[in-house]
Amino acid sequence: MSFTTLGLSEPILRAVAETGYTTPTPIQKAAIPVVLTGKDILAGAQTGTGKTAGFTLPLLQRLSLHAPSGGRRPVRALVLTPTRELAAQVGESVATYGKYLPLRSTVIFGGVGMNPQINALRKGVDIVVATPGRLLDHANQKNIDLSRVECLILDEADRMLDMGFIHDIRKILALLPKRRQSLLFSATFSPEIKKLADSLLDAPELIEVARRNTASERVAQVVHPVERERKRELLSHLIGSQQWKQVLVFTRTKHGADRLCKQLVADGITAAAIHGNKSQNARTRALAQFKENRTRVLVATDIAARGIDIDQLPHVVNFELPNVPEDYVHRIGRTGRAGNEGEAVSLVCADEVELLQNIEKLIKREIAKTAINGFECTLPSSVAKPAAKKSRGRSGGRAQNGDDRSASGRSRDNERDGRNRRDGRDGRNGRDGRNGRDNRRARSEGTQDLSHYAAQMQAGLR
Ligand code: AMP
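Each residue of the sequence shown is one higher than the last, beginning at 30 in the numbering used here.
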């Protein structure tokens, strides 16, 4: 099946052809024709499935078919995303696929100046891609009028709820016209997502694509045992000897990311760091240079790397294992995307064995351990306390390691993109710790119960 059979117009097909995509992914095949009819959808789709094009292509087509009549352009489509990085990526997709259409779009998120965004909004845009917090700031200041939105898209809705955005979403919904098309994408379906779907979707078509293999099944994983003090040396050795051209390296702390970056540069390897203490512009620049292969190594903390989508990223390195085992799954999921091969390498020293065991328990498999010549080191085979309760909770782990969310001084922008989640928002949302944990577990295992939900809907049980 090719894109031409999906009912898309020539300018859109031309733009898609230029990206090199020839075959629609399952979510694209399922969603595009339905969105084109104007129906609401509730879609179960994980990141990496091609869902962005799944909603962007038909959205562009619908907007271009019914051009607004005269006057200043109203905002006609709103895409909400949980993170700045995802907003930027969706914005790029909108611009790429819409390049031959007379539509204008802009991206709005925190951490950067308001004025360029105000200017873009004043000129008039058809499509706004935004994170909820900054969008509300603009709405409160009357910089944006959402009363003529024809289509609302909630992307990664489960993550938005996980990050405490439900109140902001509800406030935004109140600013939209009642009659509109709404599309909700979520990887998992917790009771909160179902509640949200019920309140905002009208007779939605339920679309669920087969669960992809989880990252832990898709990505080749290996552990190299090494002494803590020799990790940097081993990393430089691996990059050089295996001629890695593009590698994303994770550290636990912002300080650690900066230090490693400096050391790699001293070793003659081009590297940049990306974390919550960097300005949004510095983050964007570092990411762009890495994507363009101008920087060989990008050193990142967990939250800064969320949502990073780099086509064919071949290598992910865990310079240090994360305290929270689920973060390991998120990290390695940065590689092996869209059907590509990927490799995740973890440099593990003796005092990380417990963390490793917790990860292996979560992914339900043992990771191969291979010593590198000249760097051999024996890891203890087990530790006294295999299940580290403390490290499973996000807040405990973050507080200890000083990662982005705990160290942020300014609350608004940071919390809006999820870097400061420990501010009691969970409590305000009425979500208890158990639910939060369930969500996380469901996400990391890729669980979806949309079909169960669909059956309930059909039986009129909700
Ligand atoms: P998404 O799930 O939207 O984040 O997309 C995941 C990745 O798949 C992105 O890198 C897209 O560029 C890529 N992609 C989207 N649609 C296709 C397609 N039809 N064929 C190949 N790659 C695609």
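Cβ coordinates follow ideal geometry from the N, Cα and C atoms, glycine included.
Please classify residue i: is it buried, with 16 or more other beta-carbons within 10 angstroms of its beta-carbon, or exposed?
i: K80; result: buried
i: S375; result: buried
i: R101; result: exposed
i: S219; result: buried
i: S437; result: Bear in mind that a pLDDT of 30 at S437, under 50, signals an unreliable position, so the number given afterwards is only what the model happens to contain. It is buried - the Cβ of S437 has at least 16 other Cβ atoms within 10 Å.
i: K283; result: buried
i: P351; result: buried
i: E370; result: exposed
i: G120; result: buried
i: R491; result: The predicted model places R491 with a pLDDT of 36, which falls under 50 and marks its position as unreliable; any figure quoted below should be read in that light. The residue is exposed, with fewer than 16 neighbouring Cβ atoms inside 10 Å.
i: L115; result: buried
i: R312; result: buried
i: R423; result: Note on R423: pLDDT 35, under 50, position unreliable in the model; no value is reported.
i: S529; result: The displayed coordinates of the chain run from 30 to 491. Any statement about residue 529 would go beyond what the structure contains.
i: P145; result: exposed
i: G285; result: buried
i: D331; result: buried
i: N402; result: exposed
i: H95; result: exposed
i: E395; result: exposed
For residue i, which option in the options has the closest C-alpha, if you only look at C-alpha atoms?
i: V276; options: D296, P343, D155; result: P343
i: L88; options: S270, S134, L115; result: S134
i: A226; options: R105, K260, L204, L190; result: L190
i: S228; options: K207, E246, R247; result: K207
i: I298; options: L212, E234, S265, T33; result: S265
i: E372; options: C378, I361, I198; result: I361
i: S211; options: E121, A60, Q272, L165; result: A60
i: V178; options: P145, R105, Q146; result: R105
i: L263; options: P145, L293, S31, E237; result: L293
i: G193; options: R43, E221, Q170, D174; result: E221
i: G365; options: G77, P103, Q146; result: G77
i: E246; options: T51, I392, T280, S270; result: I392
i: Q170; options: I147, C378, G142; result: I147
i: D174; options: L230, G285, P103; result: P103
i: P40; options: L327, N310, K58, L92; result: L92
i: C406; options: V358, L86, A315, E258; result: E258
i: A82; options: K260, V123, R325; result: V123
Determine the extent of the alpha helix (DSSP H) in which residue i is found, giving its start and end residues.
i: C180; result: Careful: C180 lies outside any alpha helix (DSSP H), inside the beta strand (DSSP E) at 180-183.
i: S270; result: 260-270
i: A317; result: 309-320
i: F84; result: 80-94
i: T125; result: 113-126
i: G162; result: 161-169
i: T137; result: A small fix is needed here, since residue 137 is Ile in this sequence, not Thr. Per DSSP, I137 belongs to no alpha helix (DSSP H); it is in the beta strand (DSSP E), 134-137.
i: Q386; result: 382-392
i: N148; result: 144-152
i: L42; result: 39-48
i: A186; result: 186-191
i: I339; result: Here I339 belongs to no alpha helix (DSSP H), and DSSP marks it neither H nor E.
i: R360; result: 354-361
Got a sec: is the Cβ-Cβ distance from residue i to anything in chain B below 7 angstroms?
i: L391; result: Among the protein chains of the structure shown there is no chain B, as only one such chain exists.
Taking residue i as part of the beta strand (DSSP E), name the residues at either end of that continuous run.
i: G73; result: 70-73
i: L235; result: 234-237
i: L65; result: Premise fails: L65 lies in the alpha helix (DSSP H), 55-66, not in any beta strand (DSSP E).
i: L202; result: Careful: L202 lies outside any beta strand (DSSP E), inside the alpha helix (DSSP H) at 195-203.
i: A400; result: Counting along the chain, A400 falls outside any beta strand (DSSP E), and DSSP gives it neither H nor E.
i: V248; result: Segment: none, V248 is in no beta strand (DSSP E) and carries neither H nor E.
i: V108; result: 106-109
What does residue i pair with, by DSSP beta-bridge criteria?
i: H492; result: Any property of residue 492 remains undetermined from this structure, which presents the chain solely from 30 to 491.
i: N306; result: Bridge partners of N306: none, in fact.
i: S228; result: Paired residue(s): none; S228 is not in a bridge.
i: L495; result: There is no way to answer for residue 495, as the model of the chain reaches only from 30 to 491.
i: Q505; result: The chain is shown from 30 up to 491; residue 505 falls before or after that span and cannot be answered.
i: R347; result: Residue 347 is actually Asn in this sequence, not Arg. Answer by DSSP bridge pairing, in chain order: F279, S375.
i: I222; result: DSSP, once it has assigned bridges, lists no residue as partnering I222.
i: A300; result: V326
i: I156; result: A106, S134
i: F214; result: A72
Any chance the segment 313-324 sits against the segment 384-396, with 3 or more Cβ pairs inside 8 angstroms?
Touching, no, given that fewer than three Cβ pairs across the two stretches are closer than 8 angstroms.
Is the segment 135-152 touching the segment 184-200 in the sense that three or more CB pairs, one from each, lie closer than 8 angstroms?
Judged by Cβ distances under 8 angstroms, the segment 184-200 makes no contact with the segment 135-152, as fewer than three pairs qualify.
For the segment 51-68 against the segment 146-158, do three or more pairs of beta-carbon atoms, one drawn from each stretch, fall closer than 8 angstroms, so that the two count as touching?
Short answer: they don't touch.
For the segment 249-259 and the segment 292-303, state whether three or more C-beta atom pairs, one from each stretch, are separated by less than 8 angstroms.
The segment 249-259 vs the segment 292-303: no contact.
At least 3 beta-carbon pairs within less than 8 angstroms: the segment 110-126 vs the segment 156-173
For the pair of segments examined, the segment 110-126 was found to touch the segment 156-173: the number of CB pairs separated by less than 8 angstroms reaches three.
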